[in-house]
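Comments concern the structure below.
Residue numbers (the numbering used here): 288 to 532.
Right, dumping it as structure tokens:
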């Protein structure tokens with residue numbers, strides 16, 4: 288029995304690397320890496336950190352011709368407590384040298400996910416100060432101040448507070464120095480009956496900073512002779528970030 292595989296499969300699909308087709312060609316060869324870290328934290332009413340950890344990941348957009356073999360190294364790879372990789376990563380190289388060695392898929396993919404927290408002190412990048420004055424049978428007052436803390440000079444953007452009010456609160460008069468507010472009497476009502484157990488949900492984004500201190504050292508390419516354009520972006524976001532009051 289004789290048959291031709293090339294007669295049934297399009298050209299360029301056969302490859303020893305299952306996640307990358309052969310014959311990839313680009314006029315502009317580029318490799319972009321986005322390092323994204325989400326801070327999960329619980330802060331008590333005194334401003335002390337009860338719990339804090341970082342869930343991070345590195346997303347890639349790889350547009351490289353041929354069959355490039357990449358090596359990505361970090362300034363401080365010992366930060367990682369736990370990691371998971373795309374199948375393209377050579378795990379033995381990571382175990383021995385803490386270097387990501389891989390032949391990348393073409394296009395967008397998640398190179399790795401990681402966790403920081405169990406062996407590291409997670410720096411909380413913003414502060415939220417609050418003052419709650421309770422008056423029995425009268426109006427109560429809640430003052431909240433938000434600002435940057437450990438951001439290495441980077442701006443904190445897209446700041447949002449979700450404040451869940453207890454059912455005992457029938458009306459709110461809100462004043463903000465910056466930004467805007469909405470008051471939803473339906474979706475934000477809490478099942479709690481006292482103001483002491485009110486919980487905030489905090490959202491924020493900080494560009495060009497990885498709060499763990501993670502930094503890419505260098506990216507080397509083997510197997511191809513051209514010089515690609517390389518770029519790395521860092522972003523820190525709020526994950527499950529709560530403040531107890």
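Built from N, CA and C at the ideal position, the CB exists for glycine as well.
Note that the coordinates shown come from a computational prediction; the quantities given were computed from them, not determined experimentally.
(request) Return the CA-CA distance between residue 531 and residue 507, expressed in angstroms with no decimal places. (result) In the chain shown, residue 531 corresponds to position 244, counting from 1. In the chain shown, residue 507 corresponds to position 220, counting from 1. Whole-angstrom Cα-Cα distance: 46 angstroms.
(request) Round the Cβ separation of residue 352 and residue 387 to the nearest angstrom and send it over; I've been treating them as touching at under 8 angstroms. (result) What you label residue 352 is simply residue 65 of the chain shown in a count that begins at 1. What you label residue 387 is simply residue 100 of the chain shown in a count that begins at 1. With a Cβ gap of about 21 angstroms, residue 352 and residue 387 do not count as contacting.
(request) Taking residue 380 as part of the alpha helix (DSSP H), name the residues at either end of that continuous run. (result) Position 93 of the chain shown, counted from the start, is the residue given in the question as residue 380. Start and end: 378-384.
(message) Please state the DSSP three-state secondary structure of residue 484.
(response) Here the question's residue 484 lines up with position 197 in the chain shown. Caution is warranted here: a pLDDT of 48 is assigned to residue 484, below 50, making its placement in the model unreliable, and no coordinate value can be reported.
(request) Rank 332, 503 and 454 by C-alpha distance to the C-alpha of residue 529 and give the top, closest one. (result) By one-based count along the chain shown, residue 529 stands at place 242. Closest option to residue 529, Cα to Cα, is 332.
(message) Taking 6 angstroms as the limit between beta carbons, can you name the residues of its chain near residue 447, skipping five residues before and five after?
(response) For the purposes of this step, residue 447 is identified with residue 160 of the chain shown, where counting begins at 1. Excluding residues within five positions, the ones whose Cβ falls inside 6 angstroms are 490.
(request) State yes or no: is the C-beta of residue 343 nearer than 7 angstroms to some heavy atom of the ligand MN? (result) The model depicted lacks the ligand MN and carries no ligand whatsoever.
(request) Assign residue 343 to one of two classes, buried (16 or more other C-beta atoms within 10 Å of its C-beta) or exposed (fewer than that). (result) Along the chain shown, one-based indexing puts residue 343 at 56. It is buried - the Cβ of residue 343 has at least 16 other Cβ atoms within 10 Å.
(request) Return yes when the Cβ of residue 526 is within less than 8 angstroms of the Cβ of residue 326, no when it is not. (result) What you label residue 326 is simply residue 39 of the chain shown in a count that begins at 1. What you label residue 526 is simply residue 239 of the chain shown in a count that begins at 1. Yes, the pair counts as a contact, with Cβ atoms nearer than the cut-off.
(message) Using the three-state DSSP reduction, which class does residue 366 fall into: helix, strand or coil?
(response) For the purposes of this step, residue 366 is taken as residue 79 along the chain shown, with counting starting at 1. Of the three classes helix, strand and coil, the one that applies to residue 366 here is helix, per DSSP.
(message) Just to check my reading of the structure: residue 443 and residue 493 have Cβ atoms closer than 8 angstroms, yes? What is that Cβ distance to the nearest angstrom?
(response) Start at 1 with the first residue of the chain shown, and residue 443 comes out as number 156. Start at 1 with the first residue of the chain shown, and residue 493 comes out as number 206. Right, their Cβ atoms sit about 6 angstroms apart.
(request) Within the same chain, show all residues whose beta-carbon is closer than 6 angstroms to that of residue 400, passing over the 5 residues directly before and after it, in chain order. (result) Along the chain shown, read from residue 1 onward, the residue named residue 400 stands at position 113. Excluding positions up to five away in sequence, the list reads 344 and 371.
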